[in-house]
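Here the structure is laid out as structure tokens; the discussion comes afterwards.
Protein chains: 2
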Amino acid sequence: MTRSTIVELAKAAGVSPTTVSHAFSGRRYVDPETKARIVALADKMGYRANPRARRLRTGGAGIIALASSMPFAVAAGPARLGFLMEIAAAAAVTALSRHLALCLVPPLEPDSNLDALEVDGAIIVEPMVEDRLLEFFSSRGVPVVSIGRAPGREDIPSVDIQSTATARLMLEHLGANSRRVGLITGEQRRNSYIETEAAYAAFTAERGYSPVALRVDESGGEPEAAAAAERLLRNNPDIDALCVPVDAFARGVLDAARLLDRPVPQGLRLATRYDGMRAKLATPQLTAVNLHLDQVAEAAIDLLIAAMEGKEPQPHAIAPPQLVVRESSAA
Amino acid sequence: MTRSTIVELAKAAGVSPTTVSHAFSGRRYVDPETKARIVALADKMGYRANPRARRLRTGGAGIIALASSMPFAVAAGPARLGFLMEIAAAAAVTALSRHLALCLVPPLEPDSNLDALEVDGAIIVEPMVEDRLLEFFSSRGVPVVSIGRAPGREDIPSVDIQSTATARLMLEHLGANSRRVGLITGEQRRNSYIETEAAYAAFTAERGYSPVALRVDESGGEPEAAAAAERLLRNNPDIDALCVPVDAFARGVLDAARLLDRPVPQGLRLATRYDGMRAKLATPQLTAVNLHLDQVAEAAIDLLIAAMEGKEPQPHAIAPPQLVVRESSAA
DNA sequence: CTGAAAGCGCTTACAG
DNA sequence: CTGAAAGCGCTTACAG
């Protein structure tokens with residue numbers, strides 16, 4: 001039972017495809033009676049213009065994909081409502097204004113089949129090393145850009161999310177009123193972690209103390225982070241501040257602090273990166289960083305458009321990250 | 001500067017389009033040297049297969065749009081990270097598994113041009129009366145379904161979000177330990193408000209007291225809701241519980257309660273509908289309703305698929321809404 | 001008021 | 001190892 005085509009409908013109505021086309025588009029006059037007959041017949045036969053054909057013929061909007069390669073286990077659940085979705089929302093707005101449709105690629109199960117994903121371009125959010133989605137698109141010759149540099153793929157144009165600057169911001173803020181600052185990042189090798197860890201190494205070197213840093217498995221979520229933080233704090237009782245870029249992990253640290261009777265901020269000062277609901281609505285509220293994700297999303301789309309058109313990208317200025325100081329890091 | 005086509009590339013490489021096609025698809029053997037030449041040339045000429053043409057020829061994935069008609073002012077900002085984005089995330093997962101790409105239609109500025117939005121189907125989230133997006137798609141003959149019935153458009157298939165049951169759940173829970181329950185909804189005419197208001201009318205009638213209900217302008221957000229709640233509580237001091245389906249409004253009510261020195265829950269008991277970050281991370285945490293949005297999203301997509309194929313929809317069973325009792329409504 | 005025909009840019013039997 | 005040709009389902013000059 002395949003859908004009927006314009007030719008079949010035309011035949012049934014005793015007119016030409018031309019007239020059918022015009023009956024629907026209204027781009028030229030069609031005898032009202034003829035039109036009525038066509039419309040009625042179309043309804044009966046279940047005819048609808050094939051958007052694929054129309055797209056080819058008239059151009060239509062290009063389609064771009066937005067994807068994150070966070071493993072399914074991590075991105076599923078309420079976690080997926082953060083960073084990625086804020087970018088998605090902003091990107092959708094920009095995309096529409098640039099005459100593009102933004103298509104959301106969900107977190108992938110390892111075996112999901114991507115072949116049907118026929119798009120004009122793709123944006124990958126914070127790709128990790130050997131990112132599966134990134135490889136998929138780029139190996140098919142689909143123009144790709146990333147938000148956050150793709151580690152090991154310097155050929156992929158990317159929007160800088162200023163992870164080094166962001167890390168410095170958090171570290172210096174925490175350092176100003178603390179004895180010793182620790183760091184908790186994630187295990188996956190994404191550029192933001194890499195830069196943050198490097199910034200932290202530099203920071204501790206400057207201050208002349210040895211680094212206390214931990215990586216948590218992303219799929220473990222808050223509980224895993226809580227356990228890790230507890231360990232870290234027990235082993236390093238002089239740590240009185242923690243830089244925890246991943247907001248879910250920061251929430252876990254909050255739990256650990258409670259457990260250890262180290263009230264935040266008096267007993268432990270805390271800052272995270274993404275200023276989402278998790279940071280804003282935590283108790284106490286978390287100090288975070290405004291990354292200007294709306295600007296980032298817009299820049300990514302324009303970068304992608306340039307790549308799709310084979311043009312030189314217009315560099316976008318993105319406002320420097322801004323610290324949003326809240327109770328969790330009060331002096 | 002239009003992109004080069006397969007014919008141009010073939011000509012430049014001195015081969016047929018057939019060979020070029022195969023050089024890229026790998027679906028039949030091509031002399032390695034020829035292939036290398038083609039690929040090199042393609043790179044130089046910036047050739048890339050036109051996805052539109054490919055889609056028409058091979059089928060490819062269908063594209064469906066997910067849209068909400070919340071006015072831009074409301075849906076923008078962090079508010080947009082709630083209900084709609086949770087549905088989007090779930091829908092994207094289901095869509096992919098059904099071989100469909102989910103395209104996000106952002107909140108629309110009143111003048112935005114939709115013509116390029118050439119999709120195979122559309123899902124509208126909680127449409128209001130005379131919903132612009134709904135009319136747009138349905139008038140173009142694009143199959144549309146809604147999440148939450150479309151008021152005044154009983155012809156549009158929809159996934160029931162069980163607003164009456166949800167409202168009863170909240171009202172009876174609040175009623176069990178309160179003298180008198182008030183209601184705050186929104187001004188736009190969406191089905192969920194309509195059903196909730198009707199359920200409230202029935203509820204007050206059963207209890208034998210007169211209703212105290214208010215509608216807040218959605219674009220006013222939390223502050224507007226706070227002001228409205230303050231008024232309502234001042235004028236009706238015997239109201240000791242409020243049913244506030246819109247989560248942003250519930251947060252506003254929290255502010256009002258603080259201002260009026262009516263601590264929640266002791267001085268005022270409160271419940272909201274959508275169990276998102278706002279409810280979970282409020283202080284005190286808000287009693288809310290699990291609407292099973294993942295199931296709702298899946299049902300909507302399957303309903304849409306049926307509509308696109310002209311088949312009878314397979315009815316999906318969606319779990320009944322479940323109250324998630326939290327501190328805000330403690331007895 | 002309406003049609004015949006070209007063409008959008010691919011892919012894929014069919015043929016050699 | 002490779003090509004010529006048909007065709008996916010529309011839209012749109014061109015013509016009458």
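Residue numbers (my numbering), protein chains in the order written: chain A, 1 to 331; chain B, 1 to 331.
Ideal Cβ placement from N, Cα and C applies to all residues, glycine included.
- A:A23 and A:I38 do touch by the CB rule: their CB atoms are close to 4 Å apart, below 8 Å.
- Taking 7 Å as the threshold, the shortest C-beta distance from B:V93 to chain A falls below it.
- In this chain, the beta strand (DSSP E) harbouring A:Q322 covers 322 to 324.
- The contact set of B:T19 on chain A, defined by CB atoms closer than 9 Å, is empty, because the minimum CB distance reaches about 17 Å.
- A distance below 7 Å between beta-carbons, with the five flanking residues on each side excluded, links B:D120 to the following residues of its chain, in chain order: G62, I63, I64, M308.
- Rounded to whole angstroms, the separation of the alpha carbons of B:A288 and B:A227 is 22 Å.
- Within the segment 117 to 139 of chain B, those residues whose Cβ lies closer than 8 Å to any Cβ of chain A are, in chain order, L117, E118, V119, D120.
- Put simply, the segment 242 to 251 of chain B touches the segment 275 to 283 of chain B. At least three CB pairs are less than 8 Å apart.
- The shortest C-alpha to C-alpha distance from A:L66 to any of A:D31, A:A90, A:A257, A:S192 is the one to A:A90.
- Residues of the segment 197 to 231 of chain B with a C-beta atom less than 8 Å from some C-beta of chain A do not occur.
- In this structure, B:A241 sits near B:V181, with a CB-CB distance shorter than 7 Å.
- Contact between the segment 136 to 153 of chain A and the segment 169 to 177 of chain A is absent, with fewer than three C-beta pairs closer than 8 Å.
- Around the beta carbon of A:K44, a 10 Å sphere encloses fewer than 16 other beta carbons of the protein chains shown; the residue is thus reported as exposed.
- The C-beta of A:C243 comes no closer than 7 Å to any C-beta of chain B.
- For A:S146, the enclosing beta strand (DSSP E) covers residues 144 to 147.
- Here B:Y209 carries a coil assignment [DSSP, helix/strand/coil].
- Listed as beta-bridge partners of A:Y47 by DSSP are no residues whatsoever.
- Contact annotation for A:T283 against chain B: L281, T283 [CB-CB distance below 9 Å, chain order].
- One Cα belongs to A:P107, the other to B:M85, and the distance between them is close to 14 Å.
- Proximity of chain A to B:L56 at the Cβ level (cut-off 7 Å) is accounted for by R52, A53, L56, in chain order.
- With respect to chain B, the C-beta atom of A:L102 has a partner C-beta closer than 7 Å.
- A:T287 sits in a strand when the DSSP states are folded into three classes.
- Positions of the alpha helix (DSSP H) runs, each at least 4 residues long and wholly inside the segment 169 to 220 of chain B, are given as 191 to 207 in order along the chain.
- When the five nearest sequence neighbours on each side are left out, the beta carbons in the same chain lying within less than 6 Å of the beta carbon of A:R262 are those of L268, in order along the chain.
- Excluding the 5 residues flanking it on each side, A:T94 has same chain C-beta neighbours closer than 7 Å at A297, E298, I301, in chain order.
- Residue ranges of uninterrupted alpha helix (DSSP H) with 4 or more members, entirely inside the segment 231 to 261 of chain B and ordered along the chain, are 247 to 259.
- The beta carbon of A:R278 sits closer than 7 Å to the beta carbons of G82, D247, A248, R251 from its chain, once the five residues preceding and following it are set aside; these are given in chain order.
- Cβ-Cβ distances below 6 Å link A:L214 to I184, A228, L232 in the same chain, with the five nearest sequence neighbours on each side left out; the list follows chain order.
- Put simply, the CB of B:M45 is far from chain A, with every gap to its CB atoms at 7 Å or more.
- Under a criterion of Cβ atoms nearer than 9 Å, no residue of chain A is adjacent to B:M70; the nearest Cβ is some 12 Å distant.
- Between B:S219 and B:S192, the gap from beta carbon to beta carbon reaches 7 Å or more.
- Shown here, B:I161 sits in coil according to DSSP, grouped into three states, outside any helix or strand.
- Contact of B:G310 with chain A by beta-carbon distance below 7 Å involves G46.
- Interface flag for B:G141 against chain A is set, since a Cβ pair is found closer than 7 Å.
- In the three-state reduction of the DSSP assignment, A:V125 falls in the strand class.
- For A:V119, the secondary structure class from DSSP, reduced to helix, strand or coil, is coil.
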